[in-house]
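First up is the structure itself, then whatever we jot down about it.
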Amino acid sequence: MPNSVSEPYDLVVVGAGAAGLSGAVTASESGLSVALLDASEHLGGQFYRHPAAALGAVRPEALHHDWSVFADLRRRLESSGVSRLAGHHVWSVTRDDDCWAVHAVTGADGDQERPVRVRARALLLATGAYERQLPFPGWTLPGVVGAGGAQAMLKSGLVLPGKKVVVAGSGPLLLAVAASLAAAGARVPAVVEASGYLRYARHPRALAANPHKLVEAVVHGGAMLRHRVRPLLRSAVTHVHGAERVEAVTVARLDRDWRAVPGSERRIECDALAVGHGLAPQIELATALGCATRRTVDATAALVLDGLQETTVPGVWSAGETGGVGGSRLAIAEGELAALSIAARLTGRSELPRGRHAGRLRRRRDRMRAFADALAAAHAPGPGWPQWLPDDTDVCRCEEVTAGRVREAVTDLGAGDARTVKLLTRAGMGWCQGRMCGAAVACLAAGGGEVPPPAERRPFAVPVPLGALAGLDPATAPSDPTDD
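Here UniProt numbering is used: the first residue of the sequence shown is 1, the next is one more, and so on.
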């Protein structure tokens, strides 16, 4: 039988990254009973990943900036009354009488198959984001990892993806990844950025209002200079070479629409490639509940939120990357603001979100959100990137669906959107449920590179073992969210 509490909490927070930690401790300090669920055994989410104690890292803070902020959140959590439920993979949320019922399975990979149900009067979703990948020939070779994945390997495992690592894609994360890999001993011959940085100049007010971001850029740039990392702007890795694993990459110059310029190709020897084209909000739990989404400036889907972080579904709040990718400081501000809003709703203390502190939080959030939007616009994929894809390139790695099969579904079989392509080809039906290929399939289905992946309503936000479903009490089991 599923494990559940006999009395509901005031608040369940899903996700123990920057936003979730901030929201949980603020809500607890405001007098609410709080449960904090996260799939990982460790606090901090992706941004504050850190090595397990068994690895004996002497200075884990050396791999992060703003470590003192995380240390303070962790201290506040330890001294609070928050019930921390680690290793809980949340796969569905349903309405249970007057409460939300959060369904999870336990274990490091959800493999213990023990179903858990946690009930609460309010829900805060802080589920973060995952990397957006745009495929190209050779991207399935061993040695090709996500840019954020390479950083996670270093932060949590103290290992490098290779000795000579090219960092490629688009977005400010690339600078941080290259700097940290080089500082840890990897040779980074190049950072290959598909966009440029001159577009930042189009948003002078956002830049001026966020000087700490400029300081971060200077720090990363200085590290790249010290380690002789070469930036290649308006360029992309268009082919990975190797027999058993990565041996080299081909880099080509791009035009304004991200089309490869003929004759501009160069070959760079390496044994690993860390690549990513920004982040996509992880919103499956929210969309399953019917929360409305919006298109972001860099062509992903994010949640529609009001001024106090509440979604379009009453009683459900969200903070962090789910509302648009913006970094840890923005996530912390949003988590705190959401917690004050929730506390006001549940306790009747309307002064909480109206006071001076809440006002400062809103201004800080708006300032950082404007900066995040400026960066996202500067690094948004251009419409010409599908030109990189020969027909024999795998787009969906899980189901081994090629670009040619997707194009055939569109041109010969009449598919006009990603969902129809999925039904005809199985693209997106594998273990990752479209997280790796969703953006590419949606773009190919629409005939361009500026279409966000669809925000589908799914009954399961993550894969769940059949044994866990079999162990559910039929009276509390989730129903199909499309049923009326």
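Note that beta-carbon positions come from the ideal geometry of N, C-alpha and C, so glycine has one too.
None of these values were measured; they are calculated from a predicted model.
Taking a C-beta distance under 8 Å as the contact criterion, residue 154 and residue 170 do not qualify as a contact pair.
In the displayed model, residue 280 falls within a strand according to three-state DSSP. Looking at 223, 187, 92 and 256, the one whose alpha-carbon comes closest to that of residue 464 is 92. Residue 422 is classed as buried because its beta carbon has at least 16 other beta carbons within 10 Å across all chains shown. Contact annotation, residue 177 with residue 167: C-beta distance approximately 5 Å; criterion of less than 8 Å satisfied. Residue pairing by DSSP puts residue 9 in a beta bridge opposite 120. Using a 10 angstroms sphere on the CB of residue 390, the tally of other CB atoms stays under 16, which defines it as exposed. When Cβ pairs closer than 8 Å are counted between the two stretches, the segment 378–396 is seen to touch the segment 129–147, the count reaching three or more.
For residue 212, the enclosing alpha helix (DSSP H) stretches over residues 211–226. For residue 148, the uninterrupted alpha helix (DSSP H) run begins and ends at 147–157, by DSSP. DSSP places residue 192 outside any alpha helix (DSSP H); the residue lies instead in the beta strand (DSSP E), whose first and last residues are 190–193. In this structure the segment 343–354 does not lie against the segment 191–206, because fewer than three pairs of beta carbons, one per stretch, are closer than 8 Å. Sequence-distant partners of residue 216 (beyond 5 residues in either direction) whose C-beta falls short of 7 Å from its own C-beta, in its chain, are 65. Here residue 255 is exposed, its C-beta having fewer than 16 other C-beta atoms within 10 Å.
If you check the CB distance, residue 283 and residue 305 do not come in under 8 Å. The beta carbon of residue 331 is closer than 6 Å to those of 18, 19 and 320 in its chain, skipping five residues each way along the sequence. The secondary-structure analysis by DSSP pairs residue 268 across a beta bridge with 249. The Cβ neighbour count for residue 22, taken over all protein chains shown within 10 Å, is at least 16; the residue is labelled buried. If you check the CB distance, residue 317 and residue 123 come in under 8 Å. Contact between residue 121 and residue 8 holds: their C-beta atoms lie close to 6 Å from each other, under 8 Å. The beta-carbon separation of residue 14 and residue 69, rounded to 21 Å, does not stay under the 8 Å limit for a contact.
Our two residues, residue 41 and residue 126, have alpha carbons roughly 16 Å apart in a direct line. Between the segment 146–164 and the segment 267–286 there are three or more inter-stretch CB-CB distances shorter than 8 Å, so the stretches are counted as touching. Between the segment 398–415 and the segment 361–380 there are fewer than three inter-stretch CB-CB distances shorter than 8 Å, so the stretches are not counted as touching.
The alpha-carbon of residue 205 is positioned some 10 Å away from that of residue 374.
Distance from the CA of residue 52 to the CA of residue 131, rounded to the nearest whole angstrom, comes to 23 Å.
For residue 324, the CB contacts under 6 Å within the same chain, skipping 5 residues up- and downstream, are 296 and 302 in chain order.
According to the DSSP assignment, residue 295 belongs to the beta strand (DSSP E) that extends over 293–295.
Rounded to the nearest whole angstrom, the CA to CA distance from residue 196 to residue 378 is 7 Å. Residue 88 and residue 313 have their C-alpha atoms some 24 Å from each other. When 387, 145, 106 and 327 are compared, the shortest CA-CA separation from residue 48 is found for 327.
Taking 4 residues as the shortest admissible run, the segment 19–85 contains the following complete alpha helix (DSSP H) segments, listed from N- to C-terminal end: 67–78.
Under the three-state reduction of DSSP output, residue 200 falls in the helix class. Ranked by Cα distance from residue 287, the options 380, 443, 460 and 84 are led by 460. CA-CA distance, residue 440 to residue 417, rounds to 12 Å. For residue 425, the uninterrupted alpha helix (DSSP H) run begins and ends at 418–425, by DSSP.
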